[in-house]
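In my numbering, the protein residues as written are 14 to 608. Even for Gly, the Cβ is constructed at its ideal location relative to N, Cα and C.
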């Protein structure tokens with residue numbers, strides 16, 4: 014919030030406080046006139062006296078309603094649209110109710126004495142919702158609050174305040190979602206403290222083998238493409254799982270789900286924090302999951318924009334999110350602690366396809382689907398973390414959105430879309446590869462460390478964390494949001510020792526950055542298609558033979574890390590770790606390495 018905005022806010026608050034004294038006086042007078050609660054008429058009192066009192070009370074009510082109708086200020090519909098402040102919709106766990114509240118500097122005039130509350134589904138506009146019947150109403154007040162019993166449908170709905178003007182309902186503040194879904198969660202356990210930020214993209218063929226256990230991994234990441242888990246299965250051993258959501262049955266592939274159960278149970282048993290990436294690949298059986306502006310299989314994209322713009326797509330997406338969050342939050346089938354929704358969403362032609370060049374429209378549509386997953390995850394596992402990912406193309410498209418969006422524009426657009434309906438604790442999963450991706454000695458080039466940097470790498474990650482430190486980007490608690498590196502690797506194509514040094518230096522940078530929660534390296538085993546492009550990122554060769562990086566990776570977060578320090582510093586060309594770390598600071602300069 015800017016200084017000017019804060020001043021206006023304080024001024025409005027002062028007006029509200031001054032109004033409280035006036036309202037308190039009115040309430041006291043009414044209490045003296047009307048009494049407090051119900052009271053029996055004394056036996057000796059004439060009946061006419063009771064009738065006169067009732068008439069006086071009715072007259073007083075009429076006067077009060079008339080004054081509330083007239084209000085304290087007259088505003089146009091445009092002025093009313095964001096007039097209310099501190100709009101909040103929360104769940105009260107003790108009373109099992111939801112509470113909606115707002116404040117207004119002055120009571121606006123309208124057709125009657127009431128403020129109305131409406132519900133909107135994710136795919137609906139606020140205007141659509143105002144054409145329906147209101148949920149409830151209450152007398153207008155500068156500080157307005159209403160409460161009513163919680164229903165499950167409220168988790169994914171927005172609530173909109175309005176007054177009636179010339180027979181039509183006019184919005185008086187932003188529409189907001191339930192802001193504390195974590196209070197609904199059955200799992201209130203804290204997020205695991207692993208003692209290390211070291212993680213890796215798993216090779217599932219190595220589960221239960223020394224090739225994984227020897228690495229001492231504390232964080233692991235794995236993909237869940239929706240086409241793999243949705244639909245029926247013909248495998249009688251693992252029959253179709255039928256999940257009922259809002260009266261409709263959804264089929265999930267029992268064999269595929271059994272595989273994920275085994276994976277996440279194994280990771281939980283090993284004390285490894287699990288991250289899952291939910292991917293919307295093309296699926297002929299469930300086209301409703303794909304946004305109508307993305308239904309082009311001929312695009313050649315790997316994954317597509319989720320659909321939260323239509324009713325059927327939204328309901329199916331809610332069912333998927335609920336199924337996954339419910340299944341992997343209790344521990345019965347293994348735990349997923351963090352979720353990444355879609356992949357590198359700034360690359361909208363390849364990794365999250367949608368046929369548009371309008372970054373604000375794109376981020377608005379993505380944020381709607383992202384919030385569905387967020388609400389689902391947090392309502393089952395209170396401390397679960399939910400991220401969207403961007404790659405290293407921060408500000409490099411020169412204003413041409415035909416090929417991809419700038420990561421910076423995505424971040425700004427997403428934050429704007431989120432704040433429009435109530436702040437929540439989303440996080441960023443960053444892929445800060447060197448440019449080009451084949452570069453390994455990333456410390457030997459200069460970096461722009463301003464917000465206009467064309468690319469983000471581990472050497473100028475301050476650009477991202479500086480922006481996230483701005484007041485407008487802080488989470489609900491006023492803290493810098495969670496940042497995690499969910500994909501970053503260095504090829505052994507230029508030498509295995511160089512790869513190992515690049516990893517070690519990167520790990521130390523992350524370890525000393527308080528804003529980055531984890532570094533999940535790409536990958537455990539070389540992928541043939543990447544190797545052909547010169548990107549041999551693995552700790553192991555494709556045949557599972559270990560590279561030089563294996564022991565460096567294994568011991569980097571142990572008391573044996575010092576055994577590899579001189580080797581790393583020699584390749585970096587640094588006299589000490591402190592010197593090397595200074596190169597990656599906001600005011601640091603890179604240095605050419607020796608290799």
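- Cβ-Cβ distance between residue 405 and residue 375 below 8 Å: For the purposes of this step, residue 405 is taken as the residue at position 392 of the chain shown. For the purposes of this step, residue 375 is taken as the residue at position 362 of the chain shown. Not in contact: residue 405 and residue 375 (Cβ atoms no closer than 8 Å).
- Mapping DSSP to helix, strand and coil, what is residue 146? Looking up residue 146 in the chain shown gives position 133. Coil.
- Task: Grab me the residues of residue 354's own chain with a C-beta within less than 6 Å of its C-beta, minus the 5 sequence neighbours each way, in chain order.
- Result: Within the chain shown, numbered from 1, the residue matching residue 354 stands at position 341. Excluding positions up to five away in sequence, the list reads 291, 383, 386, 401.
- Query: Which stretch, first to last residue, makes up the alpha helix (DSSP H) that contains residue 541?
  - Reply: The sequence position of residue 541 within the chain shown is 528, counting from 1. For residue 541, the uninterrupted alpha helix (DSSP H) segment begins and ends at 541-544.
- Item | Contact set for residue 244: own chain, Cβ-Cβ below 7 Å, skip 5 residues either direction | What you label residue 244 is simply residue 231 of the chain shown in a count that begins at 1. These residues qualify, in order along the chain: 264, 266, 298.
- Item | Option nearest residue 450 by Cα separation, candidates 471, 434, 227 | On the chain shown, position 437 is the one that residue 450 refers to. Closest option to residue 450, Cα to Cα, is 471.
- Item | Start-to-end residues for the beta strand (DSSP E) that takes in residue 352 | Position 339 of the chain shown, counted from the start, is the residue given in the question as residue 352. First-last of the beta strand (DSSP E) with residue 352: 351-354.
- Name the two residues that bound the continuous beta strand (DSSP E) containing residue 158. By 1-based counting over the chain shown, the position of residue 158 is 145. Per DSSP, residue 158 belongs to the beta strand (DSSP E) from 156-162.
- Message: At the level of alpha carbons, what is the spacing between residue 365 and residue 373?
- Response: Here the question's residue 365 lines up with position 352 in the chain shown. Here the question's residue 373 lines up with position 360 in the chain shown. Roughly 15 Å between the two C-alpha positions.
- Task: Take residue 518 and list the residues in its own chain whose beta-carbon comes closer than 7 Å to its own, dropping the five residues that flank it on each side.
- Result: Locating residue 518 in the chain shown gives position 505, where the first residue counts as 1. Hits under 7 Å: 456, 581, 585, 593.
- Task: Could you spell out where the alpha helix (DSSP H) holding residue 578 opens and where it closes?
- Result: Taking the first residue of the chain shown as 1, we reach residue 578 at position 565. Here the alpha helix (DSSP H) through residue 578 covers 578-585.
- How about residue 532 and residue 231: do their beta carbons lie closer than 8 Å? Counting from one through the chain shown, the residue named residue 532 turns up at place 519. Counting from one through the chain shown, the residue named residue 231 turns up at place 218. Going by C-beta atoms, residue 532 is not nearer than 8 Å to residue 231.
- Specify, as a first and last residue, the run of the beta strand (DSSP E) that residue 99 falls within. As a first step, residue 99 must be located in the chain shown, where it is residue number 86. Counting along the chain, residue 99 sits inside the beta strand (DSSP E) bounded by residues 98-105.
- Query: How would you label residue 76, buried or exposed, when you count the other beta carbons within 10 angstroms and need 16 or more for buried?
  - Reply: Taking the first residue of the chain shown as position 1, residue 76 is located at position 63. Exposed: under 16 other Cβ atoms inside 10 Å.
- Query: Considering only residues of the same chain and omitting the five flanking positions on each side of residue 359, which have a CB-CB separation below 7 Å?
  - Reply: Residue numbering aside, residue 359 sits at position 346 when the chain shown is read from its first letter. Here the set comprises 403, 404, 406, 417, 418, 419, 420, 423.
- On a CA-only basis, which of 225, 131, 151, 260 is nearest residue 276? Give me that one, please. Your numbering for residue 276 matches position 263 in the chain shown. Considering only alpha carbons, the answer is 225.
- Task: Express the C-alpha separation of residue 180 and residue 122 in angstroms, rounding to a whole number.
- Result: Start at 1 with the first residue of the chain shown, and residue 122 comes out as number 109. Start at 1 with the first residue of the chain shown, and residue 180 comes out as number 167. Spanning the two alpha carbons is a distance of roughly 13 Å.
- Query: Can you find at least 3 beta carbon pairs, one from the region 534-547 and one from the region 471-487, that sit closer than 8 Å?
  - Reply: no
- Please confirm whether residue 169 and residue 388 have their CB atoms less than 8 Å apart. Numbered from 1 along the chain shown, position 156 holds the residue referred to as residue 169. Numbered from 1 along the chain shown, position 375 holds the residue referred to as residue 388. A contact, by the Cβ cut-off of 8 Å.
- Query: Taking DSSP as the reference, what is the three-state secondary structure of residue 219?
  - Reply: In the chain shown, the residue the question calls residue 219 occupies position 206. Reduced to three states, the DSSP call for residue 219 is helix.
- As assigned by DSSP and simplified to three states, the class of residue 181: One-based indexing of the chain shown puts residue 181 at position 168. Residue 181 falls in the strand class under three-state DSSP.
- When the Cβ atoms of the region 561-568 are set against those of the region 238-254, are three or more pairs found closer than 8 Å? Between the region 561-568 and the region 238-254 there are fewer than three inter-stretch CB-CB distances shorter than 8 Å, so the stretches are not counted as touching.
- Limits of the beta strand (DSSP E) - the one that residue 530 falls within: Taking the first residue of the chain shown as 1, we reach residue 530 at position 517. Looking at the DSSP string, the run of the beta strand (DSSP E) that includes residue 530 is 529-534.
- Query: Secondary structure at residue 383, three-state DSSP: helix, strand or coil?
  - Reply: Looking up residue 383 in the chain shown gives position 370. In the structure shown, residue 383 adopts helical secondary structure according to DSSP, grouped into three states.
- Does DSSP put residue 330 in a helix, in a strand, or in coil? Position 317 of the chain shown, counted from the start, is the residue given in the question as residue 330. Reduced to three states, the DSSP call for residue 330 is helix.
- What do you reckon, are the CB atoms on residue 279 and residue 294 nearer than 8 Å? The count along the chain shown starts at 1 and reaches residue 279 at position 266. The count along the chain shown starts at 1 and reaches residue 294 at position 281. No, the Cβ-Cβ distance between residue 279 and residue 294 is not below 8 Å.
- Message: Using the three-state DSSP reduction, which class does residue 214 fall into: helix, strand or coil?
- Response: If you number the chain shown from 1, residue 214 lands on position 201. Annotated three-state conformation of residue 214 is strand, per DSSP.
- At least three beta-carbon pairs within less than 8 Å, the region 86-95 to the region 153-168: no
- Message: Less than 8 Å between the beta carbons of residue 434 and residue 188, yes or no?
- Response: Walking along the chain shown from the start, residue 434 turns up at place 421. Walking along the chain shown from the start, residue 188 turns up at place 175. Yes.
- Task: For the alpha helix (DSSP H) holding residue 432, just list the boundary residues, first then last.
- Result: Counting from one through the chain shown, the residue named residue 432 turns up at place 419. Segment 420-433, the alpha helix (DSSP H) holding residue 432.
- Using three-state DSSP, classify residue 225 as helix, strand or coil. Mapped onto the chain shown, residue 225 falls at position 212. Three-state DSSP puts residue 225 in a helix.
- Would you be able to state if there are at least three C-beta pairs under 8 Å between the region 115-132 and the region 66-86? yes
- Task: Could you say which of 599, 399, 379, 526 lies nearest to residue 5 if we only look at CA atoms?
- Result: The structure shown does not extend to residue 5, since the chain is modelled only from 14 through 608, so no value can be given for it.
- Task: Give a yes or no on whether the C-beta atoms belonging to residue 322 and residue 300 are separated by under 8 Å.
- Result: Residue mapping note: residue 322 aligns to position 309 of the chain shown, counting from 1. Residue mapping note: residue 300 aligns to position 287 of the chain shown, counting from 1. Contact flag unset, no.
- residue 523 (DSSP reduced to helix, strand or coil): Numbered from 1 along the chain shown, position 510 holds the residue referred to as residue 523. Of the three classes helix, strand and coil, the one that applies to residue 523 here is helix, per DSSP.
- Message: How far does the alpha helix (DSSP H) with residue 277 in it extend, from its first residue to its last?
- Response: What you label residue 277 is simply residue 264 of the chain shown in a count that begins at 1. From DSSP, the alpha helix (DSSP H) with residue 277 extends over 267-282.
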